[in-house]
Amino acid sequence: MMPFARCLFVCWLIAGKLFSQPISLHPENPHYFLYQDEPTLLITSAEHYGSVLNLDFDYETYLATMQQEGMNYTRIFTGSYVEIPGSFGITNNTLAPAPGRYLAPWKRTDETGLYEGEKKFDLTQWEPAYFDRLKDFISEANERDIIVEVTFFCATYQDSYWTRHPFNPGNNVNNLPDVGRQQSHTLANGSLTDFQKKLVEKIVIELNDFDNIFFEIQNEPWSDDPQDAMRTLKTIDLDAVPSWLKWSQTASEASLEWQQAMADQVVATENELPKKHLLAQNYCNFRHSITEVDSTIDILNFHYAWPEAAWMNYGWGRPINFDESGFAGSSDTTYLRQAWQFILAGGSVFNNLDYSFYVGKEDGTGKNDAPGGGSTRFRQQLTYLHQFVESFPYIQMQPDFSVVAQAPGMDVQCLAQAGQQYAIFLSGIPADWIKLTLPAGTFKYAFISPYTGKSISQGELESTGETYTLDLPELDHMVALRITK
0 MMPFARCLFV
10 CWLIAGKLFS
20 QPISLHPENP
30 HYFLYQDEPT
40 LLITSAEHYG
50 SVLNLDFDYE
60 TYLATMQQEG
70 MNYTRIFTGS
80 YVEIPGSFGI
90 TNNTLAPAPG
100 RYLAPWKRTD
110 ETGLYEGEKK
120 FDLTQWEPAY
130 FDRLKDFISE
140 ANERDIIVEV
150 TFFCATYQDS
160 YWTRHPFNPG
170 NNVNNLPDVG
180 RQQSHTLANG
190 SLTDFQKKLV
200 EKIVIELNDF
210 DNIFFEIQNE
220 PWSDDPQDAM
230 RTLKTIDLDA
240 VPSWLKWSQT
250 ASEASLEWQQ
260 AMADQVVATE
270 NELPKKHLLA
280 QNYCNFRHSI
290 TEVDSTIDIL
300 NFHYAWPEAA
310 WMNYGWGRPI
320 NFDESGFAGS
330 SDTTYLRQAW
340 QFILAGGSVF
350 NNLDYSFYVG
360 KEDGTGKNDA
370 PGGGSTRFRQ
380 QLTYLHQFVE
390 SFPYIQMQPD
400 FSVVAQAPGM
410 DVQCLAQAGQ
420 QYAIFLSGIP
430 ADWIKLTLPA
440 GTFKYAFISP
450 YTGKSISQGE
460 LESTGETYTL
470 DLPELDHMVA
480 LRITK
């Protein structure tokens, strides 16, 4: 290469590094993302968050599989939380490394802790090997155009999990107060808050150069002190049903104050850095009309989300994230239906918790023995959803409740650019027809199978502006409908 050409090439590389921007909210429609100057949906079926903290997990094979199968998003925990074998009934759990194979952000000492002979941490000392692995993982994901959600903290759930937790005073040498797991993520945790802020600051600094990340404050912060917020069972109250299934539960005031302190730490740290990244907050399971969203929060995260979670919170003008699936059986069809319903209700992110990925099966071909779905076939089916929505200029669309006037036997979700195009999802046990309310004009339509991505039937319809009856093709419990002018 000639010297002048080499100089131009180097300048081009430097300019790309300096002026590239992290994933951001789309300026024309902040319910969606902008990444590499393109509108972006995040739709995936990904491992159980242990890619970095589990030393036995081959993340290069995992990320290569994700790229090959069309997945563009994965979620990781930072190592401030870890599980034990058998947690949540998961047989092969990437978040439960074998003893001695758990890599955390802090150095270990020579003193033995509470769990299986693992050594205690010194929370004042960073572990270089951890940050090398973290940055290499995100770099490998970046090469494959995979967005990474980096979750700083997680609720602890049970006392048995606390026995392995770095913040348990029995697992570190830092003389932390014994406040217990339920106060460990509140401002009543004594000196622990300072260590937590330092962890946030360290990770934010280490990852500032990357464009393919966003942060989340805490996973399921309501779980250690749940506050009943909105009923899921409206007409019955069965004693045998666990409270977390009867209610959408939110975090306590003490938790929210602590979360705000962590969010403020992210903002304060990035104020001194070149790049600014999006920050997500995890609000509840199922659905809830959020009462307050702080200005530091960019993404609204729900778990096991209903379409109503998107509809109820659309007015906040932010992306709404189906951040975790599961606990609805192991049938992939269940989670395929959930994905279509949520995205066509106005959601911008869907993350299926995929238990076919684990140590030794990083190619996603493992046997699913856990309370969720996931398989090679399912990941292929998710690409049909992604392709369907991306076939529309969806930035110009929003949820619509008027175009489908009647759909006997079926649930309906619809995104619309009124009078121009409609993306509709129908699920249930249907009658033979639906009724549409369209403006006058000629429209093309096509019914698409969510299972195969192929057209089942298609044609043209002539609307007079009155209600139009459209015959349904034979279908298996769900179908997508594309209508364009």
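Under numbering that gives the first Met the number 0, the first residue of the sequence shown is numbered 0, with each subsequent residue one higher. Idealized CB from N, CA, C, for every residue including glycine.
In terms of residue numbering, what span does the alpha helix (DSSP H) encompassing residue i cover?
i      : result
SER138 : 127–142
ILE202 : 191–205
TRP339 : 331–343
If you drop the 5 nearest sequence neighbours on each side, which residues of the same chain put their C-beta closer than 8 Å to that of residue i?
i      : result
GLY15  : Below a pLDDT of 50, predicted positions are generally treated as unreliable, and GLY15, at 49, falls in that range; the measurement from the model is reported next regardless. So no residue of the chain qualifies.
PRO98  : TYR114, GLU115, GLY116 and GLU117
THR138 : Note that residue 138 is Ser in the sequence shown, not Thr. Only PHE209 meet the Cβ criterion.
LEU24  : TYR31, PHE32, LEU33, LEU277, ASP297, ARG317 and PRO318
Excluding the 5 residues preceding and the 5 following residue i in the sequence, name in chain order all residues of the same chain whose CB lies nearer than 7 Å to its CB.
i      : result
GLY169 : GLY112 and LEU113
GLU27  : ILE394
THR436 : SER401, VAL402, ALA404 and THR466
PHE56  : GLY49, SER50, THR93, VAL358 and GLU361
LEU471 : PRO429, ASP431, TRP432 and ILE433
TYR282 : THR249, ILE289, LEU299, ASN300 and PHE301
Who are the Cβ neighbours of residue i in its own chain at under 6 Å, not counting the five residues just before and after it?
i      : result
MET261 : VAL199 and ILE216
LYS274 : PRO21 and ASN207
GLY88  : PRO370
GLN419 : LYS484
ARG481 : ALA445
MET229 : SER247 and HIS287
Going by Cα to Cα distance, which pick from the options is closest to residue i?
i      : options                           : result
TYR444 : THR451, TYR450, SER462 and SER50  : SER462
ALA309 : PHE387, ARG376, VAL348 and THR295 : VAL348
THR108 : THR123, PHE18 and GLN420          : THR123
SER330 : ASN300, MET311, ASP368 and HIS47  : ASP368
THR223 : ILE235, ILE204 and ALA253         : Per the sequence shown, the amino acid found at residue 223 is Asp instead of Thr. Measuring from the Cα of ASP223, the nearest candidate turns out to be ALA253.
GLN35  : ILE212, GLY179, THR73 and ASN53   : ILE212
GLU37  : GLN181, THR268, HIS47 and SER19   : SER19
LEU232 : GLY452, PHE285, GLU205 and GLU219 : PHE285
TYR101 : GLU110, LYS119 and THR90          : LYS119
Looking at the structure shown, is residue i part of a helix, part of a strand, or coil, going by DSSP?
i      : result
GLN157 : coil
ARG230 : strand
PHE18  : helix
THR268 : helix
THR463 : coil
TYR58  : helix
MET311 : helix
ARG481 : strand
SER374 : coil
ASN218 : strand
GLY458 : strand
ASP109 : strand
ASP297 : coil
First and last residue of the beta strand (DSSP E) that includes residue i?
i      : result
LEU435 : 432–436
GLY238 : A small fix is needed here, since residue 238 is Asp in this sequence, not Gly. Premise fails: ASP238 is in no beta strand (DSSP E) and is neither H nor E.
SER247 : 246–249
ALA415 : 409–416
LEU33  : 32–34
Three CB pairs or more closer than 8 Å across the segment 307–319 and the segment 250–264: no
Meets three-Cβ-pair contact criterion under 8 Å: the segment 384–402 and the segment 362–374: No: fewer than three Cβ pairs fall under 8 Å.
Count the C-beta pairs between the segment 41–51 and the segment 380–387 that are closer than 8 Å, then say yes if the count reaches three, no if not. Short answer: they touch.
Is it true that the segment 284–300 meets the segment 158–173, where meeting means three or more beta-carbon pairs spaced less than 8 Å apart? No: the two stretches stay apart, fewer than three of their Cβ pairs being nearer than 8 Å.
Three or more C-beta pairs below 8 Å linking the segment 130–149 and the segment 61–77: yes
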